[in-house]
Structures are given as structure tokens and as C-alpha cells.
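Here numbering that gives the first Met the number 0 is used: the first residue of the sequence shown is 0, the next is one more, and so on. Here a beta-carbon is modelled for each residue, glycine too, at the ideal position from N, C-alpha and C. See structure below.
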Amino acid sequence: MAKKRGKRHSGQSDTTRARKPKPLSPRPESDQPPSSAAWARSVMRHAKRESPVDTAALASCAAAGIVTVQPGEALDLAAIDANADGGLDKEASKQALLVEHGRIQALQERLYAEHRRSLLVVLQAIDTGGKDGTIRSVFEGVNPQGCRVWSFKVPSAEERDHDFLWRYHAKVPGRGMIGVFNRSHYEDVLVVRVKSLEPEGVWRPRYDLINDFERMLTLSGVTVLKFFLHISKDEQKERLEARIADPEKHWKFDAADLVERQSWDAYQGAFTDALSRCSTSHAPWHVVPANRKWYRNLLVARTIANTLEAMDPRYPDAQPGIAELTVPD
Ligand code: ADP
């Protein structure tokens, strides 16, 4: 017969009980400064674990020139001028972009140091819409340690064996990080719908699932910032022709893009539905006029900088006693 173990919690040995650490006080009673290790443990104990996104503070972060889709609004993409330039010229836009770079770099450092929240930037566009160029331009100078870019392609066999959000969820930025999705979970209601890769009964419920997913993220401290880069059909033609004409752009050319172009209207319809159904107060869609690359870059950068500013990341408070710490020889 097994011995009775009294009131002790099963699995808890005498050794683990004896080793239970004493609670640390931020400042030891003695005049000795705290050891660096004790100080670091105290910082970790005080770190806040959950911090929902303040959606009200983020509502007005879109740069002037961007069209933010209001929740419940039936978007009319064709009515948005992809050629808009806000009255700026290329040189003025480039100068203004430098200012936004400075803001993003400084705020990103704070976000990283604060280590409480994160920013997820989602980029969607039709082929040649400028996702790669936007990332290259907007994140210039950002500390690569605090920023990661994920490009989502045709799902692998392993990814297809899971629910459609699985591969995206795994790449959501952790605390302190900026994550960029070059294509995203929206592909599962865009290309999947246009090319009938799944029956309607599979893709249609995904709008609600995406909204729930993004709401869950915002409740966990992830600010979700979604940009649709809006180009015209004529602009796509010019960009494809440039890729064919310039040997240095040949690597970017994919004959499949010519086939996809034939589905232009179907893609515009799928974008319209996705942006209308998935623009919520916690994660609205921002439509960026994107024919002029320099204007597009400025609008995206400024909106990211405004958003980071509204998040107001702060360096953690200095722990009591830090000034008296000495570094051993
Ligand atoms: P990009 O055009 O983004 O520079 P690629 O030329 O490699 O990169 O294209 C990626 C391809 O992956 C696109 O054709 C896109 O439609 C496809 N894709 C992305 N996500 C999915 C998905 N969930 N299901 C099917 N196809 C997808």
C-alpha cells in the first residue's frame, strides 16, 4: 500500500520546499547596494504582463492623405485617387521622409527598451503594388534587432496542415518588437477567394475569424496597423513593362503576374470586401494612394511614427539603488 503523503502537495519534494526563494525587496535592508542579479530579478518581477491597446488614442494617427476605412463602411476603392500626391513634389516628400525616419528610429528604441507592447504592420497590395519598396524605404535606419519582416508565400505542406491563421500567429511580434507582414492572413480571403483555392464555405467565415484574431492581439498589447497600397491598373501596366524592359529588374518579373492581371477586377472586389469587413475600431484599414512611390513612403512612415508616438513607449523606470551599483573589477 502506498504511504500517505500527509497534506503536502503531490509532486512537491522537501528540497523544492526548502529552496523556495525569499521575496526580494527592491532595496536591501542593509546599506549594501543590491547585487546586479537581484536587481535584474526585481525588474522582471515588476514588468507588466498584459496591456491592451488604447484604440481611442490610435484613431487619429493616419497621415493626412490616407483614407481610413470606417468600421461598417462599404468602401468604394475606385473613388480613391491612386495618383494623389498631396500637393507635394518628390524632393519635398523625400525631405519630409527623413523627419519620419528620425521619429520612427527614436520611438522604436523606446518600444524595445520598454518591452511591454509591440507593433504589427500589415502590408497588402496587388502584384507590383510596392510592398517591398515601402518596407525598404520606411524602415531605413531602424535597428534590425527590434524589427522583423515576414513575407508570406504560397503555404507549405506543413502550413496547409494547420488552421489558416497558424503560420501568421507564429510570426506576430513579441514584446518590444516591430513586425512587418509582407502579405498576411488577408491572402486567405484574397488570392484564395479569387483563384477559388477553397470553397466559399471555407473562406467566407474567415472575415469574422480575422476580426477576432486581431482583437485578441490588441487585447494582448499588439497594435495592428494595416495598409493597403492602392495603385491603378495603368500604373501596374507601367511597372510590369519596366520589369520587362530593365535587365536589372528581370529578377522581379514573374510571368504569372500577367495572368493574375487578367483577374484585376476580381482582386479589386476581394480587396474591397476584405477592407470593408475587416476595418474595425481596434484595427482599421488604411488605404494609401500608391502610384507615386515617394508619396506612398511618406504616408506610411508618418502613420507609423504617429502610431508609435500615440503608443508612447517609455524607458522602464530606473530601479531604486541603480546609481549606487558598482561594477566589479
Ligand atoms: P511577392 O509577390 O509577395 O513579392 P511572390 O512573387 O513570391 O512574392 O508571390 C507570393 C505568392 O504567394 C503570391 O502569388 C500570393 O498570392 C501567394 N500566396 C500568399 N499567401 C497565400 C495563401 N495563403 N494561399 C495561396 N497563395 C498565397
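Taken through DSSP and simplified to helix, strand or coil, Leu122 comes out as strand. For His229, the pairing in a beta bridge is given by DSSP as Pro288. Taken atom to atom, the span from the alpha-carbon of Asn305 to that of Pro327 is near 43 angstroms. Within the same chain, Leu76 come within 7 angstroms of Gln267 by CB-CB distance, once the 5 residues on both sides are set aside.
Within the same chain, and ignoring the five residues on either side of Val121 in sequence, the residues whose Cβ sits closer than 6 angstroms to its Cβ are Phe180, Ser183 and Lys225. Per the coordinates, the alpha-carbon of Phe252 lies some 18 angstroms from the alpha-carbon of Phe151. In this structure, Thr127 lies near Asp256, with their beta-carbon atoms less than 8 angstroms apart. Bounds of any beta strand (DSSP E) do not take in Gly140, whose DSSP letter is neither H nor E. Nearest to His285 by C-alpha distance, out of Val68, Ser50, Leu218 and Ile321, is Val68.
Between the stretch 164 to 180 and the stretch 112 to 120 there are three or more inter-stretch CB-CB distances shorter than 8 angstroms, so the stretches are counted as touching. Taking 7 angstroms as the cut-off, the C-beta of Lys170 does not count as close to any heavy atom of the ligand ADP.
Boundaries of the alpha helix (DSSP H) harbouring Ile103: Lys89 to Glu113, taken from the DSSP string.
Taking non-hydrogen atoms of the ligand ADP into account, the C-beta of Val153 is found less than 7 angstroms away from one of them. Here the alpha carbons of Val137 and Ile103 stand approximately 9 angstroms from one another. Contact between the stretch 215 to 232 and the stretch 269 to 282 is present, with at least three C-beta pairs closer than 8 angstroms.
Out of Arg135, Ala58 and Arg115, the CA that lies nearest to the CA of Arg295 is found in Arg135. Relative to the Cα of Leu57, the nearest Cα in the group Pro315, Thr325, Thr302 and Ile321 belongs to Thr302. Inclusion of Gly64 and Ala95 in the CB contact set at 8 angstroms is not warranted, their separation being larger than that value. Of all alpha-carbon atoms in Val223, Met310 and Lys194, the one lying nearest the alpha-carbon of Tyr167 is that of Val223.
Sequence-distant partners of Cys60 (beyond 5 residues in either direction) whose C-beta falls short of 7 angstroms from its own C-beta, in its chain, are Thr302, Asn305, Thr306 and Ala309. Residue ranges of uninterrupted beta strand (DSSP E) with 3 or more members, entirely inside the stretch 162 to 214 and ordered along the chain, are 177 to 181. Per the C-alpha coordinates, the member of Phe212, Pro143 and Gly140 positioned closest to Trp165 is Phe212.
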